[in-house]
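Please read the structure below before turning to the comments.
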Amino acid sequence: KAAEEAGVDMIVAWGNDFTSTKYVVSCVRKGAPNTLIGSGINPGAYKSIEEALALAAEIRAVGTDIIYCSGLVPDKFAGLSRQHYPCCGHVGYLPCNDTWFGGPRAVGTTTAEAKKLY
1 KAAEEAGVDM IVAWGNDFTS TKYVVSCVRK GAPNTLIGSG INPGAYKSIE EALALAAEIR
61 AVGTDIIYCS GLVPDKFAGL SRQHYPCCGH VGYLPCNDTW FGGPRAVGTT TAEAKKLY
């Protein structure tokens, strides 16, 4: 509620697992009925595009406006997009992948690396 009253553009709501995420999103939606809410699906929670779509439908039903895509599985995100689910992601600091890049650092900060990510 405070975030909405302060004029925050988007709230990212997440739980420890999918069940708790649905609960958190539903609570946030009650407090912020007019604010864009983003939430995601753990990449390990699905193996197919169909499973990703089913989970996306569940999370949208409790109040998520946009599906936060993480986990470096672009084919699943493309499947969500083809079914017109609003999706977002980010580049920059990727804490779950620190060891891939030799430790904590921002990704995509150089022109060459940004083009590679694009």
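If you read the sequence shown in the UniProt record's numbering, its first letter stands for residue 1, the second for the next number, and so on. All C-beta atoms, glycine included, are put in the ideal place defined by N, C-alpha and C.
Where the alpha helix (DSSP H) containing residue i begins and where it ends
i: residue 23; result: 18-31
i: residue 116; result: 111-117
i: residue 77; result: 74-82
Closest by C-alpha distance to residue i, when choosing among the options
i: residue 95; options: 70, 86, 37 and 63; result: 70
i: residue 86; options: 2, 32, 39 and 92; result: 39
i: residue 25; options: 110, 14 and 4; result: 14
i: residue 62; options: 10, 30, 45 and 49; result: 30
i: residue 8; options: 92, 106, 81 and 35; result: 35
Residue interval of the beta strand (DSSP E) (run including residue i)
i: residue 39; result: 36-40
i: residue 68; result: 66-68
Buried or exposed (CB count within 10 angstroms, at least 16 for buried), residue i
i: residue 120; result: The displayed coordinates of the chain run from 1 to 118. Any statement about residue 120 would go beyond what the structure contains.
i: residue 111; result: exposed
i: residue 76; result: buried
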